Every structure is written in C-alpha cells, then in structure tokens.
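Contents: one structure, followed by commentary.
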Amino acid sequence: MNRLAVSLPGLELKNPIIPASGCFGFGEDYGKFYDLSLLGAIMTKATTLEPRRGNPTPRLAETPSGMLNAIGLQNPGVEVVVAQKHTALEKYDVPLISNVAGNTFDDYYQVCKAVSQSPNVKAIELNISCPNVHKGGLQFGTDPEMAAAVTRAAKEGATVPVYVKLSPNVTDIVEIAKAVEAAGADGISMINTLVGMRIDLHTRKPIIANKTGGLSGPAIKPVAIRMIYQVARAVNIPIIGMGGVYTVDDVLEMFMAGASAVGVGMANFTDPFVCPKLIEQLPQRMDELGINSLQELINEVREGILNER
Amino acid sequence: MNRLAVSLPGLELKNPIIPASGCFGFGEDYGKFYDLSLLGAIMTKATTLEPRRGNPTPRLAETPSGMLNAIGLQNPGVEVVVAQKHTALEKYDVPLISNVAGNTFDDYYQVCKAVSQSPNVKAIELNISCPNVHKGGLQFGTDPEMAAAVTRAAKEGATVPVYVKLSPNVTDIVEIAKAVEAAGADGISMINTLVGMRIDLHTRKPIIANKTGGLSGPAIKPVAIRMIYQVARAVNIPIIGMGGVYTVDDVLEMFMAGASAVGVGMANFTDPFVCPKLIEQLPQRMDELGINSLQELINEVREGILNER
Amino acid sequence: MSQAMMTVVSQTEIAKDIFELRLKGALVNEMGAPDQFLHIRVPGDELLLRRPISIASIDAEKEECVIIYRTEGKGTTIISKLTAGDELDILGPLGNGYPIDMLEEGQNALLIGGGIGVPPLYELAKQLHAKGINVVSCFGFKNKEEVFYEEEFAAFGKVNIATDDGSYGKQGFVTQYFTELDGFVPDAVFACGPKGLLVAVAKTFDPSKTYLSLEERMACGIGACYGCVCDKKNSTSAYDNYRVCVEGPVFRAEEIVL
Amino acid sequence: MSQAMMTVVSQTEIAKDIFELRLKGALVNEMGAPDQFLHIRVPGDELLLRRPISIASIDAEKEECVIIYRTEGKGTTIISKLTAGDELDILGPLGNGYPIDMLEEGQNALLIGGGIGVPPLYELAKQLHAKGINVVSCFGFKNKEEVFYEEEFAAFGKVNIATDDGSYGKQGFVTQYFTELDGFVPDAVFACGPKGLLVAVAKTFDPSKTYLSLEERMACGIGACYGCVCDKKNSTSAYDNYRVCVEGPVFRAEEIVL
Ligand SMILES: Cc1cc2nc3c(=O)[nH]c(=O)nc-3n(C[C@H](O)[C@H](O)[C@H](O)COP(=O)(O)OP(=O)(O)OC[C@H]3O[C@@H](n4cnc5c(N)ncnc54)[C@H](O)[C@@H]3O)c2cc1C
Ligand SMILES: Cc1cc2nc3c(=O)[nH]c(=O)nc-3n(C[C@H](O)[C@H](O)[C@H](O)COP(=O)(O)OP(=O)(O)OC[C@H]3O[C@@H](n4cnc5c(N)ncnc54)[C@H](O)[C@@H]3O)c2cc1C
Ligand SMILES: Cc1cc2nc3c(=O)[nH]c(=O)nc-3n(C[C@H](O)[C@H](O)[C@H](O)COP(=O)(O)O)c2cc1C
Ligand SMILES: Cc1cc2nc3c(=O)[nH]c(=O)nc-3n(C[C@H](O)[C@H](O)[C@H](O)COP(=O)(O)O)c2cc1C
Ligand code: FES
Ligand code: FES
Chain A
1 MNRLAVSLPG LELKNPIIPA SGCFGFGEDY GKFYDLSLLG AIMTKATTLE PRRGNPTPRL
61 AETPSGMLNA IGLQNPGVEV VVAQKHTALE KYDVPLISNV AGNTFDDYYQ VCKAVSQSPN
121 VKAIELNISC PNVHKGGLQF GTDPEMAAAV TRAAKEGATV PVYVKLSPNV TDIVEIAKAV
181 EAAGADGISM INTLVGMRID LHTRKPIIAN KTGGLSGPAI KPVAIRMIYQ VARAVNIPII
241 GMGGVYTVDD VLEMFMAGAS AVGVGMANFT DPFVCPKLIE QLPQRMDELG INSLQELINE
301 VREGILNER
Chain B
1 MNRLAVSLPG LELKNPIIPA SGCFGFGEDY GKFYDLSLLG AIMTKATTLE PRRGNPTPRL
61 AETPSGMLNA IGLQNPGVEV VVAQKHTALE KYDVPLISNV AGNTFDDYYQ VCKAVSQSPN
121 VKAIELNISC PNVHKGGLQF GTDPEMAAAV TRAAKEGATV PVYVKLSPNV TDIVEIAKAV
181 EAAGADGISM INTLVGMRID LHTRKPIIAN KTGGLSGPAI KPVAIRMIYQ VARAVNIPII
241 GMGGVYTVDD VLEMFMAGAS AVGVGMANFT DPFVCPKLIE QLPQRMDELG INSLQELINE
301 VREGILNER
Chain C
1 MSQAMMTVVS QTEIAKDIFE LRLKGALVNE MGAPDQFLHI RVPGDELLLR RPISIASIDA
61 EKEECVIIYR TEGKGTTIIS KLTAGDELDI LGPLGNGYPI DMLEEGQNAL LIGGGIGVPP
121 LYELAKQLHA KGINVVSCFG FKNKEEVFYE EEFAAFGKVN IATDDGSYGK QGFVTQYFTE
181 LDGFVPDAVF ACGPKGLLVA VAKTFDPSKT YLSLEERMAC GIGACYGCVC DKKNSTSAYD
241 NYRVCVEGPV FRAEEIVL
Chain D
1 MSQAMMTVVS QTEIAKDIFE LRLKGALVNE MGAPDQFLHI RVPGDELLLR RPISIASIDA
61 EKEECVIIYR TEGKGTTIIS KLTAGDELDI LGPLGNGYPI DMLEEGQNAL LIGGGIGVPP
121 LYELAKQLHA KGINVVSCFG FKNKEEVFYE EEFAAFGKVN IATDDGSYGK QGFVTQYFTE
181 LDGFVPDAVF ACGPKGLLVA VAKTFDPSKT YLSLEERMAC GIGACYGCVC DKKNSTSAYD
241 NYRVCVEGPV FRAEEIVL
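Protein chains in written order, with the UniProt record's numbering: chain A, 1 to 309; chain B, 1 to 309; chain C, 1 to 258; chain D, 1 to 258.
Take a look at the structure:
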C-alpha cells in the first residue's frame with residue numbers, strides 16, 4: 001500500500017504534494033532539477049483565452065515570512081498552452097491540474113473546454129480571483145452568486161472535474177464555498193493570495209508597479225488553516241489546501257484542518273527541491289505522529305467533522 | 001517645533017507612537033519599565049459594560065512572523081475601568097484612547113458615555129470586531145450598515161471623538177470605512193487582527209481553546225498597508241494605522257500609506273521598550289529620508305492623494 | 001525586573017535533549033525567590049515571542065545563573081546552539097517563585113518534579129537545605145537517558161526516581177512514591193511538571209501546603225496581555241483570574257482550578 | 001545550474017559597505033560566462049527569497065569564485081557577517097552572462113560600470129584580456145570611499161574613474177568619458193549599473209554591439225515565476241517578454257525596452 005496516495009475526483013495521486021499555480025510555470029524549469037514524475041500533480045500557470053502580457057515590473061516584493069506578487073496572469077493563451085505546454089509534460093507520469101482564468105463567463109467556458117482536451121489534464125482549478133469585466137472589475141470570487149455562475153460556466157465547458165480556487169479576501173468564505181458546491185464544483189482549492197502592499201520609503205510609492213500584490217508564504221498560513229477548517233465543516237467536496245506550506249508539519253496541519261491534498265507555492269522559490277523533499281520526509285513524520293496513511297488520516301478527520309455536526 | 005507632533009481630532013500628540021489596545025493592558029505593567037509620559041497616547045484594553053472573564057486557555061499561539069490571540073475581551077467592566085484604571089494613569093502626561101467593545105448597540109452607547117467621563121480619555125476607539133448578539137453573532141464590523149449603526153450609537157454616548165477600529169476580515173474595507181465616516185466617525189483606526197488558526201499535530205485540534213484567534217504581527221503588515229492606502233483614498237477623516245509595526249521604517253511606511261499616527265501591538269511583547277525606542281529613533285530616520293516633520297509628511301501624503309482624485 | 005543582555009558562560013547537554021545554560025550578567029542581582037523565570041528572546045529575528053524558562057540556580061557572587069531546558073521546538077533548538085561569549089536578550093526575573101519563609105528549621109519539604117519540571121526545584125532545594133529544612137525529592141523521567149541532576153539533589157536529601165519504562169529507578173509514575181515516604185510527613189509540598197502530575201499532587205496532599213508551578217503560553221510575560229491566565233478557585237467575580245506570569249507561576253493548590 | 005552548499009573561504013570589506021566574498025565548492029565547475037549570477041539563500045529562516053548576486057571572478061583550478069556586493073538591506077547585511085568555514089546555500093550559476101565569442105584578438109572592448117555594477121565586469125575583463133582584446137574601463141562611484149577594484153582592472157587596460165562628488169577621478173557622471181576615449185573605437189560595449197546609466201549607454205553606442213546587464217526583483221531565479229520580466233523591443237506578440245533570470249541578465253541594447 002502507498003501510504004502517501006490520496007484519491008480525489010479525477011485525481012488518483014501517488015502523493016498529495018502539488019506545486020501551486022503560478023509558482024511552477026508549466027513545469028519545464030523545475031524539470032531541470034528533478035523528475036517531475038515524483039510529484040502528486042502539477043497545478044499549471046493560469047491560462048486565459050487570449051495571450052496576456054501581464055503587469056509592468058516590479059512584480060515582486062518581499063514581506064515578513066512572505067512575498068507579494070503581481071504577475072498579472074502572463075501566459076501565451078490557451079491555444080499555445082494546450083498545443084505546446086501540456087504536450088511537453090506528457091513525458092512525465094504526472095497529472096496536470098489546469099489553472100483557468102478569465103474576465104467573462106464565456107472566457108471560463110471556452111478555456112475549460114479547451115484545456116479539457118489535453119489527455120494529461122485530469123482536473124481544472126478555477127481561478128476566480130479575477131476581475132469580472134461585466135461587473136466593473138469586481139472579482140468573481142467575492143460574491144457567492146457570481147462565484148456560482150462562473151462555476152456553472154466552467155462545468156459546462158469542462159469534461160474533467162473542476163476545483164474552484166477560493167479567494168481569502170472575503171468576509172465569509174464559507175458562503176462562497178457552499179455556493180460553488182451547489183453550482184456543481186467537484187472540489188475546492190484554497191487559498192489564493194491575500195491582497196497586500198509595500199511602500200518604498202524613498203519614492204513614497206508602492207514597490208509593486210501594480211500597487212497591490214498577492215501575499216503568499218508562511219505569513220498567511222494561519223489564515224489558510226482557519227479557512228480550510230471552516231470550509232471543510234461546511235461542504236462535502238474535497239479541499240486542496242495551500243498557503244504557506246514549507247514543511248511536512250505544514251502539510252499535515254493542512255490535512256488535519258480538512259485538506260485532502262496540498263499545494264506548495266512560494267516555498268519552491270526558497271528551495272527548488274522542496275516538493276520532492278516533502279514527499280521524501282512525509283513517511284517519517286507520519287510514523288512519529290502515528291499516521292498509517294494519508295487516506296486514513298483524511299477519513300479520520302472527515303469522521304471527526306461529521307461527528308461534530 | 002516638535003518634529004514628531006501630530007494633530008488628530010481630540011488628540012494633540014507629542015509623537016505618533018501609541019501602544020495598541022490589548023497589548024498594553026491599562027499601562028500599569030509597562031509603567032514599571034519606562035515613563036508612560038513618553039508615549040504619544042495609550043490605547044487601553046477593550047472595556048465592556050459588564051466585567052468579562054474572557055476565553056479559556058490556551059489563548060495564545062505563535063505563527064510565522066506573528067501570533068494568534070483569543071483573549072476574549074477580559075476586563076473588569078467599565079465601572080472599575082473608569083474608577084480605577086483610568087485614574088491610575090492620571091499621573092502620566094499621556095492621553096488615553098479608550099477601546100470600547102460590546103454586543104449590543106446599547107452596550108456601546110453606555111460604555112462610550114461612561115469612559116468619556118474620565119478626564120484623561122481624549123478619544124474612543126470603537127472595537128467593532130465583536131459579535132452582535134442581535135444578529136446571530138455576525139460581527140458589527142463586517143456589514144457597512146451595522147458598522148454605521150454602531151458608530152451612531154457610540155457617537156450619541158461619547159463626548160470625545162470616536163475612532164472606529166476596522167476589521168480586516170471583510171471583502172471591501174473601503175465600503176465599511178465610508179459608512180462609518182458618513183455615520184459621524186471622527187477617525188478610523190485600522191487594522192484589527194485577521195482571523196487565523198493553528199492546529200496541534202499531536203492532538204489534531206486547534207491550539208487555541210477558542211479554536212480561532214486574531215493574527216497580528218509583521219505577517220499582517222502588507223495587508224494593513226494595503227487597507228490603509230485604500231481607505232486613505234476614500235475618506236477624509238484621519239487614520240491611526242497599525243498591524244505589524246516593529247521598526248521606524250514600519251512607522252513611516254504607515255504614514256506614507258496614509259496614516260496620521262501609529263499603533264504598536266505585538267512588538268511590545270518582543271521588546272517591552274519598543275515604543276520609547278521608536279520615538280527615539282524616528283528623527284534620525286526622518287533626516288535620512290528628508291522628512292522635516294511628521295505633520296508635514298501627513299500633509300504631503302494627503303496632497304498626493306487629493307491630486308490623484 | 002529589567003531587560004538586559006546576559007552573556008553565555010557555558011552550555012552543556014546534561015541528558016538527552018536537556019541543556020544546562022550558564023548565564024552571566026547584572027540581572028542576577030535581581031534574582032531571589034526560587035522558580036522565578038526568565039523571558040528569553042530567541043536570537044535572530046525569526047521568532048518574535050520570547051520563551052519563558054525557569055531559573056534553576058543562582059550564584060549571586062559570580063553574577064551567574066543557570067537555566068535548564070529541553071529542546072522542544074525551534075526556539076529552544078536555536079538557544080541550544082549558543083556557546084560561551086554569545087549574548088542573550090533577557091527579560092526577568094519574572095513571576096513570584098516558591099515561598100520558603102513559612103518553613104522553619106527541622107521541618108520537612110517534599111519536592112516533586114516531572115521531566116523538565118525538575119530543574120526549577122533545584123534552587124529551591126538549595127535554599128531549603130541552607131535553611132536546615134529536610135528535603136525529600138521524588139522525580140519522574142521518561143527513561144534513563146533523560147535522567148539528570150540526581151546527584152545534585154542528593155546533596156540536599158533523599159532522591160526517589162521513577163522512569164516510564166523502568167530503565168532507571170522504579171518503573172511507572174512518580175506518584176507511587178507518595179505512599180512510600182517512610183514516615184516522612186511533609187510540612188510543605190512543592191511540585192513542578194506536566195498538568196497530570198500536578199493534578200495528582202493536588203489530590204494527594206493538603207492543598208493549603210502544596211505549591212504548584214504552572215506553565216501557560218505567554219506573550220508579554222509581565223501581566224499586560226492576559227494570555228496566560230489560570231482560573232481562581234471559588235472566584236466570586238465574573239472576570240477575575242490569575243495571570244501565571246505575574247501572580248504565578250507558583251500557586252498554592254487551594255487557590256487555583258487546574 | 002544546480003543547488004549546492006558552498007563554503008566561505010574569506011570575506012573582506014574592500015570599500016565602504018562593499019564586501020568581497022570568496023566561495024569554494026563544486027558548483028564552480030559549472031561556471032563559465034562572465035556575469036552569470038548566483039541565487040543565494042540568506043542564512044537563518046527569516047528571509048525566504050533568495051538574493052541574486054553576480055559572479056565577479058572564477059578560479060576554476062581552486063574551485064573558487066568571488067562575489068562582490070554592497071550591503072543594501074537585511075539579506076546582504078546577514079551575508080556580510082559570514083566568516084571562513086561558514087556555508088551558503090547557492091542556486092547557480094544562473095543566467096546567460098556576457099558573450100565574448102564575437103570579438104577577436106586585437107579588437108576593442110569598452111567596459112562601463114556604475115557602483116556595484118563594476119564587479120560583474122571583472123571576470124569579463126579577465127577573459128577579454130586573456131583573448132588579446134583591448135580593454136578600456138569607465139567606472140562611476142559615489143565618492144572616493146566607495147571606489148574599489150581600480151588596480152585589478154588596471155591590469156587589463158586603462159581605467160577611467162568618475163565620482164559624484166569629485167573626491168576621486170573626475171567629478172560627475174561616468175558618461176563624460178564617452179566622448180573622451182582618445183580614438184578608442186569600441187567593437188563591443190559592456191555595461192552594468194543603475195538604470196539611468198544603462199539608458200545613457202544605450203543612447204550613445206551602437207545598440208547592436210552594446211551589452212547591458214539588467215537587475216530585476218527575482219523570486220525563483222530560474223524562469224518559472226515570471227516575476228523578473230523585461231519588455232522586448234518591437235515585440236509583435238501580445239504576451240512575450242524576456243525573463244531577466246533566464247534570457248538575461250545580459251541583453252543586447254537593441255533587444256530590449258529599458
Ligand atoms: C513559567 C514557565 C517556566 C518554564 N520553565 C521551563 C524550564 O525551566 N525548562 C524548560 O525546558 N521549559 C520550561 N518552560 C517551557 C518552555 O517555555 C517551552 O518549552 C518553550 O517555550 C518552547 O519553545 P520552543 O520554541 O522550543 O517550542 P515551540 O513549540 O516552537 O514554541 C512555540 C510557542 O509555544 C510556546 N510554548 C511551547 N511549549 C510551551 C510550554 N510548555 N509552556 C509555555 N509555552 C510554551 C513557546 O513559548 C512559543 O511561544 C517553562 C514555561 C513557563 C510558562
Ligand atoms: C542578476 C542580478 C545580479 C546582481 N548582482 C549584484 C552584485 O553583484 N552585487 C550587488 O551588490 N548587488 C547585486 N544585485 C542586487 C542585489 O540582488 C540586491 O542588492 C540584494 O538582493 C538586496 O538584498 P537585501 O536583502 O540586502 O536588500 P532588501 O532591500 O532587504 O531586499 C528585499 C528584496 O528586494 C530584492 N532586491 C532589493 N534590491 C534589489 C536589486 N537591486 N535587484 C534585485 N532585487 C533586489 C531582494 O532580492 C529581496 O527580495 C544583483 C541583482 C540582480 C537581479
Ligand atoms: C508568483 C506567484 C504567481 C501566482 N500565480 C497564480 C496564478 O496564476 N493562478 C492562481 O490561481 N494562483 C496563483 N498564485 C497563488 C498560488 O497558487 C497560491 O495560491 C498562493 O501563493 C498561496 O500559496 P503559497 O503560500 O504556498 O505561495 C501565485 C502565487 C505566486 C507567489
Ligand atoms: C494579545 C492581544 C490582545 C488584543 N486585544 C485587543 C482589544 O482588546 N481590542 C482591540 O480593538 N484590539 C485588540 N488587539 C488587536 C491590536 O490592538 C492590534 O489591532 C493588532 O494586534 C494589530 O497590531 P500588531 O500587529 O501591532 O499587534 C489585540 C491584539 C493582541 C495581540
Ligand atoms: S503573558 Fe501576558 S499576561 Fe501573562
Ligand atoms: S525570477 Fe522567476 S522568472 Fe525570473
């Protein structure tokens with residue numbers, strides 16, 4: 001038995017460690033460091049219908065135990081992604097979770113349809129932290145009805161399971177989670193970045209050209225754990241947890257909060273080998289904590305939650 | 001001229017450094033380390049109508065570049081606070097900003113009225129991150145209408161200026177800020193803590209007995225800066241900024257985002273002398289950055305904001 | 001109580017993962033009561049909350065004190081890497097410590113410690129012994145590897161040791177010695193260790209003569225944050241409780257709800 | 001390109017706040033082109049983003065390389081405290097570095113550096129000189145205190161220095177030397193320094209023969225995060241740009257929008 005294997009809709013993973021979207025490109029760069037087949041899955045860089053140039057630089061800033069980024073969804077567009085990026089990853093034995101972004105319902109519909117065609121794309125991660133052009137730039141992810149509507153649009157286009165990636169920048173994340181579950185989401189991925197800013201004391205202006213950026217890293221882990229814990233108690237679909245995972249203890253904390261797999265973002269920048277290291281180190285830590293297998297841990301946490309109800 | 005002096009409604013401060021509420025008790029403990037008259041002001045521990053025992057322990061947990069707390073508003077009630085705690089601080093030349101909390105509109109009205117009686121209370125800080133018993137525990141601070149209503153109740157009771165302390169756990173903080181400004185708030189204080197959680201890997205349960213706790217410290221500074229920046233561009237009342245201030249650079253970053261004074265919370269625990277140190281170190285850093293006086297900096301930032309409009 | 005830098009004189013691993021750290025500095029002049037504690041800033045800017053560690057012994061003449069701690073997590077691990085000459089930012093001495101004034105020469109004191117709860121009792125044993133009080137100690141450890149300071153305590157009186165796995169002393173809980181004190185009737189009982197042990201001690205001995213040292217997670221360490229509270233027994237007030245950092249860490253068993 | 005630990009051989013402050021750090025390790029065997037860079041993990045767990053620093057010189061035989069950096073903020077300050085024997089976690093060598101293959105013996109190369117932009121040119125000067133190419137260098141510094149490596153570069157050709165305050169060499173911008181090269185017509189221009197300097201260089205010299213080394217804030221350092229991009233000149237694509245960490249840090253002036 002593989003103690004690290006976890007099973008989620010569309011995803012039979014040999015282990016739960018998944019590089020998070022935007023932190024791993026389309027894998028090619030980290031593929032120079034290690035065999036990507038080691039990974040549980042890969043969450044690819046956000047893909048949009050048309051090519052996108054992204055934001056001006058600086059796009060990055062460091063913060064205490066974290067960082068800000070405002071890449072701005074730079075990507076070559078779904079056509080190139082499907083034709084070149086996905087196929088380039090076919091040589092690895094690793095499922096892809098395609099991160100899909102857009103500004104209109106139709107964007108989401110079309111991109112979901114297109115990425116579903118790639119045989120190695122086993123699931124879609126719906127990035128709903130994008131401004132909705134029809135609603136004056138309000139993010140899809142901050143309103144339950146809009147979040148539900150974009151989920152439905154995606155489900156119509158997709159032929160693989162859809163995981164909706166929740167934004168933490170909301171008053172009530174549970175409400176959004178319930179809405180996307182009701183709209184047919186197969187799973188939830190959380191959390192995306194918190195909106196943050198740093199100001200340069202010399203120029204007196206934000207360091208990031210886009211002014212605000214997304215905060216990720218260990219700094220946001222307590223917020224992620226809290227939200228996963230709350231959402232796991234409100235929905236019945238599985239959660240892929242992320243936000244500040246650097247160590248095996250972080251991975252297991254996510255599971256205990258209610259996650260069934262874990263995304264690793266910023267940590268890749270600190271240590272390019274962090275994902276294979278986590279995979280290697282998990283069994284020993286599980287021994288120490290008396291965890292036979294991750295699937296068993298998922299079930300036990302789930303039972304605990306059901307007993308609370 | 002005092003380069004550090006700043007002027008806000010009800011508060012003519014000799015410097016902008018203010019220990020944040022809940023991190024400094026009613027001053028007596030830190031008064032054993034240094035002369036509290038050095039401080040710009042003191043934000044006192046949350047005061048409620050009736051005495052409160054607070055939450056069970058553990059109430060604290062450490063997180064990357066931050067901490068969680070769930071003290072639960074423990075305090076001896078407004079009667080004792082006014083009769084004993086405020087008077088004990090009269091020997092210092094320092095204005096108090098009384099942090100007021102409650103579960104009903106009437107709570108706020110009455111406590112504001114009572115604390116206004118203390119001659120050294122020069123302003124009130126309205127803690128609206130409290131569950132509203134009439135609205136099923138929903139926080140006053142997460143809904144613009146409720147926030148406005150509680151501000152009005154407070155203004156009715158208070159005879160000193162009221163600063164409303166905003167919760168960062170909302171989708172749109174600007175909307176809340178505008179609502180409390182319209183309801184008569186004299187100023188804004190921000191941010192309160194983000195809701196977070198840590199789980200103990202051995203017990204598989206949250207470390208904090210209350211499950212969730214408030215996240216403070218440098219980890220949340222980018223979120224605080226972003227929110228201050230946004231709110232400063234939407235309201236005309238002054239902002240007391242806080243969230244992760246540890247260094248003079250943090251203080252000045254808050255000013256450049258749009259704050260007119262700065263609260264210092266968790267940093268007191270790391271270094272009990274942090275507030276007097278910041279006051280001492282500010283002038284040199286201002287020299288290096290070409291800042292004549294803080295009031296001038298406030299005006300320049302304000303002008304910049306008005307020019308953007 | 002002050003904040004000051006203290007200098008590391010020496011550091012030794014005296015048992016598995018247990019370190020004895022000797023510190024020097026003027027702060028020692030403020031130390032008195034046994035089991036006050038130091039609130040230690042972990043070197044480097046990564047960990048922002050201080051770590052509370054009890055004072056194990058005081059050498060006023062040399063301006064030195066000793067703390068003994070187990071490497072639990074990141075903070076104590078970083079501290080365990082310090083070597084002679086390194087500096088530590090210390091806030092202390094904090095808390096009240098064990099009282100000894102109520103005891104007189106010739107009276108009996110029973111010391112009960114579990115694991116890392118043993119060292120805080122050392123300065124106490126020293127002071128009791130100096131005062132002519134008879135000391136008997138009962139200590140529980142996980143296993144032989146983790147036993148430490150037996151000889152040091154033996155200098156002041158009988159030491160009974162139990163280990164969980166029986167690899168040293170009696171096998172099982174230290175509580176088994178409570179009924180085998182061979183006629184030694186304590187006039188005061190002092191205990192420090194895990195909560196389970198303190199509960200057992202509080203049940204066995206006269207709660208008006210039993211002094212328990214508590215541990216709580218701390219932030220400020222000086223009474224300002226109300227993070228470290230412990231319930232008062234029979235409190236009539238709706239808000240009142242003790243702050244372990246100020247009113248404790250030592251309480252009479254009859255004062256508190258464990 | 002690999003990740004490996006390298007050992008500090010020595011560290012010297014060679015000018016005010018400018019440190020020369022000599023590192024040893026097998027990673028040196030992968031180093032070749034001048035001005036590739038190392039992505040350095042700052043010791044301790046406080047700072048999580050690596051710091052990019054150019055390789056200033058390579059000694060393949062000894063498996064050593066040198067980096068030269070100014071203490072800007074927390075990261076470089078922590079690194080400046082390292083002493084012989086300490087270890088550093090290094091990712092590298094990264095980026096493309098300056099090309100020299102297009103130059104032939106007897107041709108002329110002009111090196112232009114501003115402040116901390118000078119050291120990345122050192123390995124280049126060495127390699128150019130070894131190939132028999134004539135090297136002239138023009139360097140700008142803030143003041144006399146911050147001037148460094150003048151002698152080292154003088155071994156390879158003429159060095160012109162300007163300082164902002166005139167305390168050493170000519171007073172003012174290094175750009176004033178561009179019109180006073182005494183008939184030295186460069187076949188290639190190599191520049192590294194602040195953006196303003198690079199813009200001036202790009203305007204003055206033939207952009208097809210001018211090589212600029214860019215700085216951008218970096219996260220991954222290997223091309224995955226798209227944090228460090230720079231616009232392509234005349235790009236027809238709606239999304240395409242260069243990643244400074246992979247396609248750079250050195251670009252021909254004609255390729256990019258500064
Ligand atoms: C009054 C007092 C006296 C103490 N005396 C000693 C002593 O003499 N020797 C000794 O080995 N230990 C002692 N402890 C426990 C010691 O404080 C913790 O083991 C230590 O803080 C763990 O820090 P860490 O960074 O290694 O572990 P981590 O688990 O990484 O610490 C994370 C956070 O939890 C807190 N924490 C973790 N465990 C405890 C605990 N048991 N009690 C309080 N806070 C905790 C830490 O202070 C820190 O804020 C004492 C605790 C208190 C309250
Ligand atoms: C390809 C490349 C080569 C470089 N080579 C050298 C060199 O040889 N010598 C040298 O002194 N400096 C060099 N730099 C600049 C150097 O990376 C920064 O000075 C350093 O990262 C500052 O780190 P800090 O922690 O001291 O400063 P902080 O200001 O605390 O750094 C905060 C964050 O901003 C980033 N940052 C700050 N300044 C810069 C900058 N100028 N460029 C890129 N990122 C920055 C840091 O990497 C970090 O992520 C180079 C930069 C790049 C991109
Ligand atoms: C540089 C960078 C780029 C990112 N790009 C995307 C993206 O394209 N789509 C997306 O859904 N999330 C994106 N994210 C968010 C991450 O996938 C992840 O949700 C977040 O960073 C929290 O995880 P971490 O703390 O482990 O980094 C990005 C994060 C970073 C740091
Ligand atoms: C232990 C603790 C207790 C707090 N109690 C209160 C409180 O009673 N009322 C309140 O408005 N804010 C309270 N806060 C929030 C702080 O006043 C401040 O808004 C927050 O901690 C962010 O600042 P910091 O990062 O500097 O700590 C408390 C924070 C801490 C850490
Ligand atoms: S630790 Fe703050 S009151 Fe005890
Ligand atoms: S730093 Fe990530 S792409 Fe260059």
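Each residue gets a CB set at the ideal place from its N, CA and C atoms; glycine is no exception. Here the structure is a predicted model, which means the values were calculated and not measured.
Boundaries of the beta strand (DSSP E) in which residue i is found, first to last residue
i	result
A/ALA153	Run containing A/ALA153: none in the beta strand (DSSP E); it sits in the alpha helix (DSSP H), 144-157.
B/ASN99	96-100
B/PRO19	17-19
C/ALA188	188-192
Under the three-state DSSP convention, the category residue i falls into
i	result
D/LYS233	coil
A/ARG52	strand
B/PRO287	Just to set this straight, residue 287 of chain B is Asp in the shown sequence, not Pro. Helix at B/ASP287.
D/PRO120	helix
B/THR44	coil
B/LYS122	strand
D/TYR168	coil
B/ILE188	strand
residue 285 of chain C	No statement about residue 285 of chain C is possible, as the shown extent of chain C runs from 1 to 258 and does not include it.
Test item: CB-CB of residue i and residue j under 9 Å
i	j	result
C/GLY140	C/ILE161	yes
C/ARG50	C/HIS39	yes
B/ILE188	B/ALA177	yes
A/ALA232	A/VAL301	yes
C/GLY223	C/VAL246	yes
B/GLY25	C/CYS225	yes
A/ASN69	A/SER293	no
Limits of the unbroken alpha helix (DSSP H) element including residue i
i	result
D/THR204	195-204
B/PHE105	105-116
A/ASN307	294-308
B/LYS178	173-182
Cβ of residue i within 9 Å of any chain F Cβ
i	result
A/LEU68	Of the protein chains in the structure, A, B, C and D, none is chain F.
From the options, residue whose alpha carbon lies closest to that of residue i
i	options	result
C/MET218	B/VAL170, B/ALA61, B/ALA5	B/ALA61
residue 311 of chain A	A/VAL170, A/VAL78, A/PHE105, A/THR270	A query on residue 311 of chain A cannot be resolved here, the shown segment of chain A reaching from 1 to 309 and no further.
B/PRO56	C/ASP164, C/CYS245, C/ASP231	C/ASP231
- Any alpha helix (DSSP H) of 4 or more consecutive residues that is wholly inside the segment 203-274 of chain B: 221-232, 248-257, 267-270, all fully within the segment 203-274 of chain B.
- Item | Runs of alpha helix (DSSP H) wholly within the segment 10-88 of chain D (minimum 4 residues, chain order) | DSSP runs (the alpha helix (DSSP H)) wholly in the segment 10-88 of chain D: 74-79.
- Message: To test your reading of the DSSP string, which unbroken alpha helix (DSSP H) runs of 4 or more residues are found completely within the segment 130-163 of chain C?
- Response: Runs of the alpha helix (DSSP H) inside the segment 130-163 of chain C: 150-154.
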